[in-house]
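Residue numbering for the sequence shown follows the working numbering, beginning at 250 and increasing consecutively.
For each residue, glycine too, the CB sits at the ideal point set by N, CA and C.
These notes concern the structure reproduced below.
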Amino acid sequence: MAVVTAEQTAPALPPEVTARWQARFRAPRVSLPDWAEEAPHRNLYSSDVSGVVEQYAWDRETGAHRRVTDRPNGTLIATLDRDGSTIWWFADTDGDEFGVWMTQPFEGGEDSVAVPEVGPAYPAGLELGRELVAIGRSTDDGSELWLAPTGGTPRVVYRHPDPASVDALTRDDELLVISHSEHGDPRYPALRVLRTSDDAVVAEKWDGEGRGLHALEFAPLPGDRRLLVGHERRGREELLIWDVAAGTETELVLDLPGDVTAGWYPDGSALLVGHDHAARSELYRYDLATGALERLDTPPGVVRGATARPDGTVELAWSSSARPPVIRRADGPVVLSVSDEEPPAAYPVEDRWVPGPGGDVHALLVRPAGPGPHATAFLVHGGPEAADDDSYRARRAAYVDAGYAVVHVNYRGSTGYGSAWRDALTGRPGLTELEDVGAVYDALVAEGVVDPQRAILSGGSWGGFLTLLGLGTQPERWAAGIAEVPVADYLAAYEDEMEGLRAYDRALFGGSPEEVRDVYVRSSPLTYVDAVAAPVLVVAGANDPRCPIRQIDNYLARLAELEKPHEVYRFDAGHGSLVIEETIRQVEVALSFALRHVQP
């Protein structure tokens, strides 16, 4: 095993190219501001302006910005209570995702443990009411959902070995919606409504096997019992309104081809609808009284989040593959920026639809200057329930700067292409996705875009799993592999990962390793390590609860036994890093490895 050193990571690129790709990472970014429902001038956002992702308070009346958290490995999760007096933030240890909720006054002051009775755990939802708080926690023993009344004694209102979470709370604190997987599959949760005064069950909703329900939020009016719910009854993500008090529901059938989600306008008269289709997104206003659907004027690209303010204006986080992220109003003006420094523009993506064994596969392509065929990096996304899209990606642009074509494949398992496409890998994870990657690879080789002798496979998390599995099952295709925070030995990963992921794996594989061991073995990269022919770089987080370090070490040890060429880069955080310079170091390592083994 070669441990990556500083000398190895020095990129063999012209200084101006290195400066350009690094500038995309270093340019400060901000998230869409969250605002307090009863004090909308009090806002909270995350930013990496300090070089580490932390939380910031913003008072729009005074224009004051204040850093809320300051931790070596950053702080990712935080929210405001309803009156804007208190900030809640989640304190884990160096990215291990296991910790407790802390509070801090909006104006600043000491941090304190929010509800000491609720011990450390993985977070499973948080709902902040006027007079009570609902907290979800997950441990190796399963899920616990708590209610903590102001001035009262916190209590457990739900406990189960399978995943559950707190999802929505009425404005008057009287009803709490939880999601649960008592039916056996956490991918398709059911909903339960509890009365907070006595924890009694008020209502239940389940759409049956293979159909999940997701509570989005209650209507924002006192006494209003309308719950906005996401469903997939027709094979894609759609919307319904469940009136819990009346026991009725209304499906909202919108004439849009892709998946939709939504949130309420503050007066409860309309919905702000997000529509995702073919790697791009757009926004609509849906009037509940008339059924009118009005498209908001946003440029082509991807909306990462949107919110309707009390005055009716819509704010959103937007980017495209060519243009950097911006927090702006739907009608144009920039809402929030923490720096005059704008990252360099990047490269627009091209769409490809390729016939695959399970249907047409959508891929995104960026080509460098000059004629093909090109040395190509297949950058496969994680998840697997995620998707690559037409958003700004500094990592993608770095590979193009270095001279590579880049291909993204929205393989079976990806979201945004319907429920059947998302669920098609059940019972055969990894191998199914790689069939689609192979189909795109073959089509682009035939088209003269990809040089089959100079193709790199790379990804993080589930994408890292697919990278190692692809190197072993498709060794003839790949000249090098770069696997970041991967699943490498699935049997050991199952033993060490967080319980929520074990439950997900049981649903995906058809049972636990004790029940369907052969299925796990068939999909484990370790099974095929003998066939790996290309050099491998593995990037691993020491505190990763999702892709734990022991199972990666098992894979690396086997590579060493077989004398397979490989390198490893370890970092002291969890499932990725919130420290920008650490992220840049990891990209430097990856580009250096790629350039040493596959010349563009």
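On the CB-based measure, 16 or more other CB atoms within 10 Å of its CB, does H611 come out buried or exposed? buried
Item to check | Best match in E744, V836, G823 for proximity to L786 [C-alpha to C-alpha] | outcome: V836
- Task: Could you name each continuous beta strand (DSSP E) segment of 3 residues or more that falls completely within the stretch 322–379, going from the start of the chain to the end?
- Result: 327–329, 335–340, 349–354, 371–377
What is the residue span of the beta strand (DSSP E) that T625 lies within?
-> 623–629
*asked:* I'd like to know if the stretch 566–573 and the stretch 292–309 are in contact, where contact means that at least 3 CB-CB pairs between them fall below 8 Å.
replied: no
Beta-carbon contacts of P469 that lie in its chain and below 6 Å, excluding the five residues immediately before and after: Counting only Cβ-Cβ distances below 6 Å, and skipping sequence neighbours, we find W513, P515, G517.
- Environment of A259 [buried if 16+ CB atoms lie within 10 Å]: Caution is warranted here: a pLDDT of 47 is assigned to A259, below 50, making its placement in the model unreliable, and the coordinate value is therefore given only provisionally. It is exposed - the Cβ of A259 has fewer than 16 other Cβ atoms within 10 Å.
key: Whether G713 touches E733 by CB criterion (8 Å)   = yes
**Q.** Outcome for G716 when other beta-carbon atoms lying within 10 angstroms are tallied against a minimum of 16
**A.** Checking the sequence, you will find Thr at residue 716 rather than Gly. T716 is buried by the Cβ-count criterion.
Check your understanding: Does DSSP put H846 in a helix, in a strand, or in coil?
Key -> helix
For G679 and S772, believed in contact at Cβ under 8 Å, the rounded distance:
4 Å
Q) Which of the three DSSP states, helix, strand or coil, is assigned to N792? A) coil
Rounded C-beta distance between G607 and V698? I'm assuming under 8 Å.
About 22 Å; that fails the 8 Å criterion.
*Is it true that the stretch 541–561 meets the stretch 671–685, where meeting means three or more beta-carbon pairs spaced less than 8 Å apart?*
no
Can you tell which of R578, D672, S707, E531 has its C-alpha closest to the C-alpha of V629?
S707
Does DSSP put V768 in a helix, a strand or coil?
helix
Item checked: Close Cβ partners of R444 (< 7 Å) along its chain, the five nearest in sequence each way excluded -> E423, L424, V451
**Prompt:** Quick one: what does DSSP say L503 is sitting in, helix, strand or coil?
**Reply:** coil
Classify Q848 as buried or exposed, calling it buried when 16 or more other Cβ atoms lie within 10 Å of its own Cβ. exposed
Can you list, in chain order, the residues of its chain with a C-beta nearer than 6 Å to that of D609? Leave out the 5 residues immediately preceding and following it.
W602
**Q.** Three or more C-beta pairs below 8 Å linking the stretch 811–818 and the stretch 745–761
**A.** no
So for Y653, helix, strand or coil by DSSP? coil
**Asked** In terms of residues, what are the limits of the alpha helix (DSSP H) holding Y437?
**Response** No alpha helix (DSSP H) contains Y437, which DSSP labels as neither H nor E.
Sub-8 Å separation of W711 and A783 beta-carbons: no
Residues near P372 in its chain [Cβ-Cβ closer than 6 Å; skip 5 each side]: F339
Query raised in the report: Can you give the Cα-Cα distance for Y653 and R320, rounded to whole angstroms?
Result: 36 Å
Beta-carbon spacing of V838, L585 below 8 Å: no
- Query: DSSP on G554, reduced to helix/strand/coil?
  - Reply: The answer is strand: DSSP assigns G554 an E or B state.
Beta-carbon proximity check, A511 vs L489, cutoff 8 Å = no
(Q) Let's test the definition: count the other Cβ atoms within 10 Å of the Cβ of I829 and tell me whether it reaches 16, buried, or not, exposed. (A) buried
- [ ] Kindly identify the DSSP beta-bridge partner or partners of D609.
- [x] P604
Buried or exposed for L377, please, with buried defined as at least 16 other CB atoms from any protein chain shown within 10 angstroms of its CB. buried
Practice prompt. Would you tell me roughly how many angstroms separate the C-alpha atoms of I705 and R845, rounded to the nearest one?
Written response: 12 Å
Closer than 8 Å by C-beta to T547: which residues in its own chain qualify, once you throw out the five before and the five after it? Chain order, please. E531, L532, L565, W567, A579
On the three-state DSSP scale, how would you describe T681? helix
field: Secondary structure, beta strand (DSSP E): runs of 3+ residues fully inside the stretch 413–493
entry: 413–418, 424–429, 439–444, 450–454, 463–467, 475–480, 487–492
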